[in-house]
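Colleague: This structure is in structure tokens; I'll ask about it shortly.
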Amino acid sequence: MAYNNDIDWEKIDDIIDEYSSDKESLLMILQDINELYNFVPPETIPVLAQKLNVPKSLIYSVATFYKTISLEPRGKYIVNVCTGTACHVRGAEKIIDAVQDNLQIDTGQTTQDGLFTLETVRCLGCCAAGPVFTVNKNMHGGLDRSSAINIIDDYKKNAS
Amino acid sequence: MVKFDNKEALESYIQELQAKAQSPDKGLISLCSGPGCIIHNSDKIRDTLTEEMEKHGIADKYEIRLTGCHGYCEQGPIMVIDPGGIFYPKVELENIPQIVENTLVNNEPAEKLLFKDPATKKRVAREEDVPFYKLQTRSIFGKNRLIDPNSIDSYLAVGGYQSLAKALFEMKPKEIIAEIKSANLRGRGGGGFPAAIKWDSCSRHKGPKYVICNADEGDPGAYMDRGLLEGNPHLIIEGMLIGAFAMGSHEGYVYVRHEYPLAVANLAKAIDHAKQYGLLGEDILGSGFDFDLHISKGGGAFVCGESTALMASLEGKPGRPRAKYIHTSEKGFRDSPSNLNNVETWANVPLIIDKGAQWYAAMGTDYSKGTKIFSLVGKVVNTGLVEVPMGTTLREIIFDIGGGIPKKKQFKAVQTGGPSGGCIPEQFLDTPVDFDELTKLGSIMGSGGMIVMDQDTCMVDVARYFIEFLIDESCGQCNPCREGLKQMMAVLTRICEGNGKQGDIELLEELGTMMQKFSLCGLGTSAPNPVLTTILYFRDEYEAHIYDKKCPAGVCKPLFHYEIDEEACTGCTLCAKKCPQEAISGEKKEPHEIDQEKCIKCGICYDICKFDAVAIR
């Protein structure tokens, strides 16, 4: 997993500096940290609170309000199945079922080996290619049950 | 690097660029590279194309331009070659040598790779003759294919920033607002509120003011804002600049979805370039007008489409809306006068200033002017972004431009306006689409999402889908929305699971009416629309679920099963091979059978059977 309790505080400082410790940029700072570790390590929150001069409660409320932020560790590969309406009518549900079966986890969970997290997103704006999912930032479209599983299996192979 | 400190310098630079672009020695290959086309290798196509052109020694004769979305997403990746506008759909890597040899070297179209019109079965060579494009009026979106979003020069070459120059030097702020008013530009984000009224109100208030662009595009199934922002970011910047000048604002924000990384990147680059050219920042074009523009990334919250919630989010807080006793044009972002418009609204502004309100108002219906971009998706042949004048009928959009329903299936409904909209059945297909006509049908235009549904879509399931979405997205502040949605979901779930009972439909109607009346913000008041319109137009489907315990569309798993029709089955064995559960058995050329115990109703057999032998019972 990308995260093993070691936080690169220099990088965190850089992120905060990039936004000039502006508290209005809290969400974007959290997003950048989230990008770095695939989640926001709870240890960073008191530091953020101090540097941005905001209460910790605000940081928690922002972090829990927005879907792009996770406070739980997530896998190396984040599978994000699009559940936008176009994908829904083209069978997104079946893709979720297939990935759940293959990874033996429910949506929102991470596999025990820390390799995959399965999530859903409301629309990736690639409606013509639906159903689609992304694995980290790579987009895969025109999926059906078997192609979805093949793609996941490829990531498994590459990781081992 | 050029930095323009007066209008004339900009104009002569534009003329130079335009002369260069029209030079007969250099052709243009424009390659659609939106995310939908990147899935289909559009970036590798560029590399292969370059290699192939080098082989023929013609690499310097053509410019390859990676552009944003061309709109016809179903046919992506799309390549258009100028001069001539030769149109190649669904380009694959192995097609490149043939395209280069035929079109670039020998100057004739590669016949077999051209678009085949499904109606006439004839090949169509030119982009402008492709039926999908021919029936549209692409005054905003059409420029996408001429523009490299990463080059400000390619925007200037199509006359970019000339409207800004006109606004700054030839018009007074009040005249700009008057022009927008007589064009009757209505907000494209969904509300359809006249932009000039908002602008005028904001311009009258004192103190620091903000202009904001809502590029959060939370509606599932809508991506026209993404297409515009990725493909033509300077158009949005120019629109915001004109608006800011008219309202006396010096700072602006674009609130863009985190899920659209390419849009964020292209916009950031465009802002940098505009600053370098002296089109953003201090003393723009020597006019004395200052304006700075920032990007703020959204966090994936649908409720942030609500202006007060979006502004809270910009301030770094959770995006919860407030009641609008005081308008945001008076007290919005940072408690200052703020004007928020959606991407497409801003995109219309340079056009109106350039061509005039009269030209603009000549398009559309009595109360909805100009064009509207729709994202036509779902069960339709030509999926993509469609721009038509307001007042075009649903039938023209779905059947003439969209090519109708694939696989010879029946049209059932079109869902417009996203989760705040409704489902419109067949008998209203001849309705001209504008803000008011759709409202009369119980739906809305919204940001322009148009999701086509066929006979295989269960309307109760669709209603449940939207309610589930809205439960996730409700901010939870007010009772009617938070609890109302939960109760609706409970009723819809029990109907879909076969436990619906008499009175459920009436209960849904009662809950919906309550939410419409008493919710705090637009999300809650419009949330029941998908349920109420499906009850209004598809009550029989609800009744089939409740009383007959059947799901006629074969979606709600507990209420149907698949069977193989012995008469129709040819014993081709395809279904048996593809079944993940090995639930299908039978001899070759003999009718097959499904073991109901093993079947998980995944629908693969139903989808792949070429003989319609798998039936929903």
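If you read the sequences in order, they're chains A and B. For reference, each letter of the first sequence is one residue, going 1 to 160 in my numbering. For reference, each letter of the second sequence is one residue, going 1 to 617 in my numbering. Glycine included, each C-beta is placed from N, C-alpha and C at the ideal position.
Hey, is B:V460's beta-carbon within less than 8 Å of any beta-carbon in chain A?
Modeller: B:V460 does not count as touching chain A.
Colleague: Using the three-state DSSP reduction, which class does B:K122 fall into: helix, strand or coil?
Modeller: DSSP places B:K122 in coil when its eight states are reduced to three.
Colleague: Along the chain, where does the beta strand (DSSP E) that runs through B:Q415 open and close?
Modeller: Run containing B:Q415: F411 to T416, per the beta strand (DSSP E) assignment.
Colleague: If you count every other CB in all the chains shown that lies within 10 Å of the CB of B:A215, and 16 or more means buried, which is it?
Modeller: Looking at its Cβ environment, which holds 16 or more other Cβ atoms inside 10 Å, B:A215 is buried.
Colleague: Does the region 238-258 of chain B come close enough to the region 321-341 of chain B that 3 or more CB-CB pairs lie under 8 Å?
Modeller: Touching, yes, given that three or more Cβ pairs across the two stretches are closer than 8 Å.
Colleague: Between B:L310 and B:K355, what straight-line distance do the alpha-carbon atoms span, to the nearest angstrom?
Modeller: For B:L310 and B:K355, the distance between alpha carbons rounds to 32 Å.
Colleague: Which class does A:G142 belong to by DSSP, given the choice of helix, strand or coil?
Modeller: A:G142 falls in the coil class under three-state DSSP.
Colleague: Thinking B:L293 and B:G252 are a contact (beta carbons under 8 Å), I'd like their distance in whole angstroms, please.
Modeller: Yes, they are in contact, since the Cβ atoms of B:L293 and B:G252 sit about 5 Å apart, within 8 Å.
Colleague: Thinking B:C569 and B:A615 are a contact (beta carbons under 8 Å), I'd like their distance in whole angstroms, please.
Modeller: B:C569 to B:A615, Cβ: 10 Å. No contact.
Colleague: Give the secondary structure of B:Y133 by DSSP, where H, G and I count as helix, E and B as strand, and everything else as coil.
Modeller: In this structure, B:Y133 counts as helix in the three-state DSSP scheme.
Colleague: Which first and last residues belong to the alpha helix (DSSP H) in which B:K26 is found?
Modeller: Note, B:K26: premise wrong, no alpha helix (DSSP H); not H, not E.
Colleague: Please list, in chain order, the chain A residues whose beta carbon lies closer than 8 Å to that of B:Y223.
Modeller: By Cβ distance, chain A contributes C123, G125, C126 and C127.
Colleague: Relative to the alpha-carbon of B:D504, which residue among B:L492, B:I295, B:M515 and B:M514 has its alpha-carbon at the smallest distance?
Modeller: It is B:L492 whose Cα lies nearest to the Cα of B:D504.
Colleague: So who's on the other strand from B:L63, going by DSSP bridges?
Modeller: One detail in the question is off: residue 63 of chain B reads as Glu in this sequence, not Leu. According to DSSP, B:E63 bridges with B:L28.
Colleague: May I ask you to report which of helix, strand or coil DSSP gives A:V132?
Modeller: Coil.
Colleague: Since A:I69 meets chain B, which of its residues come closer than 8 Å, beta carbon to beta carbon?
Modeller: Correct list: G299.
Colleague: Determine whether the Cβ of A:S20 lies closer than 8 Å to any Cβ atom of chain B.
Modeller: So, not an interface residue.
Colleague: Would you say B:R322 lies against chain A (beta-carbon separation less than 8 Å)?
Modeller: No, B:R322 does not count as interfacial toward chain A.
Colleague: Taking the straight line between their C-alpha atoms, what separation do you get for B:P261 and B:I584?
Modeller: Roughly 44 Å between the two C-alpha positions.
Colleague: For the alpha helix (DSSP H) that B:I536 lies in, which residues bound it at each end?
Modeller: Correcting the residue identity first, residue 536 of chain B is Leu in this sequence and not Ile. Taken as a continuous stretch (DSSP letters only), the alpha helix (DSSP H) holding B:L536 covers N529 to Y547.
Colleague: B:M515 and B:C481 look like a contact to me (Cβ under 8 Å); what is the Cβ gap, rounded to whole Å?
Modeller: The pair is a contact, with the Cβ atoms about 6 Å apart (cut-off 8 Å).
Colleague: Measuring alpha carbon to alpha carbon, tell me which residue in B:A553, B:H545 and B:Y465 is nearest B:N529.
Modeller: When only C-alpha atoms are compared, the closest one is B:Y465.
Colleague: Specify the secondary structure class of B:P432 as computed by DSSP and reduced to three states.
Modeller: If DSSP states are grouped into helix, strand and coil, B:P432 belongs with the strands.
Colleague: Since I believe A:H140 is in contact with B:I39 (beta carbons under 8 Å), could you give me their beta-carbon distance rounded to a whole number of angstroms?
Modeller: With a Cβ gap of about 7 Å, B:I39 and A:H140 count as contacting.
Colleague: Mind listing the chain A neighbours of B:M453? Cutoff is C-beta to C-beta under 7 Å, in chain order.
Modeller: Result: V89.
Colleague: Does the beta carbon of A:S147 sit closer than 8 Å to a beta carbon anywhere in chain B?
Modeller: Output row for A:S147: interface = no.
Colleague: Three or more C-beta pairs under 8 Å: does that hold for the region 66-85 of chain A against the region 588-599 of chain B?
Modeller: The region 66-85 of chain A vs the region 588-599 of chain B: no contact.
Colleague: Based on the DSSP secondary-structure assignment, which residues constitute the bridge partners of B:G281?
Modeller: According to DSSP, which records beta bridges pairwise, B:G281 is partnered with B:F291.
Colleague: Should A:F65 be labelled buried (16 or more other beta-carbon atoms within 10 Å of its own) or exposed?
Modeller: That one is buried.
Colleague: Scan the region 350-380 of chain B for residues whose Cβ lies nearer than 8 Å to a Cβ of chain A and list them as they occur along the chain.
Modeller: So the close ones are S375, V377, G378 and K379.
Colleague: Using 8 Å as the limit for Cβ to Cβ distance, is B:G76 near chain A?
Modeller: Yes, B:G76 lies at the interface with chain A (some Cβ there is under 8 Å from its Cβ).
Colleague: For A:P41, tell me which candidate among A:D144, A:I29, A:I16 and A:P73 has the shortest Cα-Cα distance.
Modeller: For A:P41, the nearest C-alpha among the options comes from A:P73.
Colleague: Once the 5 residues before and after B:M171 are set aside, which same chain residues still bring their CB inside 8 Å of it?
Modeller: Cβ within range, chain order: E179 and I353.
Colleague: For A:Q31, I'd like the list of residues in its chain whose CB is within less than 8 Å of its CB, leaving aside the five on either flank, ordered along the chain.
Modeller: Cβ within range, chain order: T68 and I69.
Colleague: Please confirm whether B:T573 has its beta-carbon closer than 8 Å to some beta-carbon of chain A.
Modeller: False, the Cβ-Cβ gap to chain A never drops below 8 Å.
Colleague: Between A:I16 and the rest of its own chain, which residues show a CB-CB distance below 8 Å, the 5 nearest in sequence each way excluded?
Modeller: Cβ within range, chain order: I29, L48, K51 and L52.
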